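Enquirer:
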Amino acid sequence: MPLSLKVLNILLGLWIAMTIAVTVSMPDREIAFYGLILVGFPGLAVVIVLDILCPAIFIVSTIKRRRWGAKFGLTYNAVFLVNCLVSLWLFSDIFGNGVYFPFVMSILFLVLIYKERAYFSSPNLESKSSY
Numbered sequence: 029m030p031l032s033l034k035v036l037n038i039l040l041g042l043w044i045a046m047t048i049a050v051t052v053s054m055p056d057r058e059i060a061f062y063g064l065i066l067v068g069f070p071g072l073a074v075v076i077v078l079d080i081l082c083p084a085i086f087i088v089s090t091i092k093r094r095r096w097g098a099k100f101g102l103t104y105n106a107v108f109l110v111n112c113l114v115s116l117w118l119f120s121d122i123f124g125n126g127v128y129f130p131f132v133m134s135i136l137f138l139v140l141i142y143k144e145r146a147y148f149s150s151p152n153l154e155s156k157s158s159y
């Protein structure tokens, strides 16, 4: 696995841990999702899917070198990036600078996944014997 994908997996693991910690400490926080402000269970559902499940699925797809991993990572981060753009445009007064970090990280993740997309489509050479 390329070093850049290892670093990305570590960052996504930290993102998942941070999301769990923030969700536990502030369960009723407002979540912006494509022009909606979600609170309570709908907001929690969006957080679980976008901030916990999708990064975890991508980490597993990277470790197991699944062919669909790059497409999933690009799609997930594109959805996240567009949501950040909508939030910056509509809710900059509510969320302030809290949207900039996810926005910049989504761009970096998209570039990194796109750059390393060949890793997902090449055969897994580590599992083959060297006879």
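All letters in the sequence shown, in the order written, are residues 29 to 159 by the working numbering. Ideal placement from N, C-alpha and C gives every residue a C-beta, glycine not left out. A quick note: this is a predicted structure, and the numbers were derived from the prediction, not measured.
(1) Just confirm the distance between the C-beta atoms of residue 123 and residue 73, as a whole number of angstroms; I'd bet it's less than 8 Å.
(2) Which first and last residues belong to the alpha helix (DSSP H) in which residue 140 is found?
(3) Whose C-alpha, out of 50, 58 and 135, is nearest the C-alpha of residue 108?
(4) Which partner residues of residue 59 appear in the DSSP bridge assignment?
(5) Give me, in chain order, the residues of the same chain whose beta-carbon lies closer than 6 Å to that of residue 82; leave out the 5 immediate sequence neighbours on both sides.
(6) Rounded to the nearest angstrom, what separates residue 68 and residue 52 at their Cα positions?
(7) Report the rounded CA-to-CA distance for residue 115 versus residue 147, giving the unit in angstroms.
(8) Could you have a look at residue 99 and say whether DSSP puts it in helix, strand or coil?
(9) Return the chain-ordered list of same chain residues with a C-beta closer than 6 Å to the C-beta of residue 119, the five sequence neighbours on each side being excluded.
(10) Assign residue 150 to one of three DSSP states: helix, strand, or coil.
(11) Whose CA, out of 101, 113 and 131, lies closest to the CA of residue 145?
Expert: A quick look at the data gives this:
(1) As a first step, residue 123 is located in the sequence shown; it is residue number 95 there, counting from the start. As a first step, residue 73 is located in the sequence shown; it is residue number 45 there, counting from the start. That pair is no contact at about 19 Å.
(2) Here residue 140 is taken as the residue at index 112 of the sequence shown, counted from 1. Counting along the chain, the alpha helix (DSSP H) containing residue 140 begins and ends at 128-143.
(3) Locating residue 108 in the sequence shown gives position 80, where the first residue counts as 1. Looking at the Cα atoms, 135 is the closest of the given residues.
(4) Working through the sequence shown from its first residue, we reach residue 59 at position 31. For residue 59, which the question treats as bridged, DSSP gives the partners 66.
(5) Reading the sequence shown from its first residue, position 54 is the one you call residue 82. So the qualifying residues of the chain are 104.
(6) Counting from 1 along the sequence shown, the entry for residue 68 is found at position 40. Counting from 1 along the sequence shown, the entry for residue 52 is found at position 24. When rounded, the distance between both Cα atoms is 12 Å.
(7) The residue given as residue 115 occupies position 87 in the sequence shown. The residue given as residue 147 occupies position 119 in the sequence shown. Between residue 115 and residue 147, the C-alpha separation is close to 33 Å.
(8) In the sequence shown, counting from the first residue as 1, residue 99 sits at position 71. In the structure shown, residue 99 sits in a helix (DSSP, three-state: H, G or I).
(9) Within the sequence shown, numbered from 1, the residue matching residue 119 stands at position 91. Leaving aside the five residues that flank residue 119 on each side, the residues in its chain whose CB is nearer than 6 Å to its CB run, in chain order, 60.
(10) As a working mapping, residue 150 is identified with position 122 in the sequence shown. Assignment of residue 150 by DSSP, reduced to helix, strand and coil, places it in the coil class.
(11) For the purposes of this step, residue 145 is identified with residue 117 of the sequence shown, where counting begins at 1. Considering only alpha carbons, the answer is 101.
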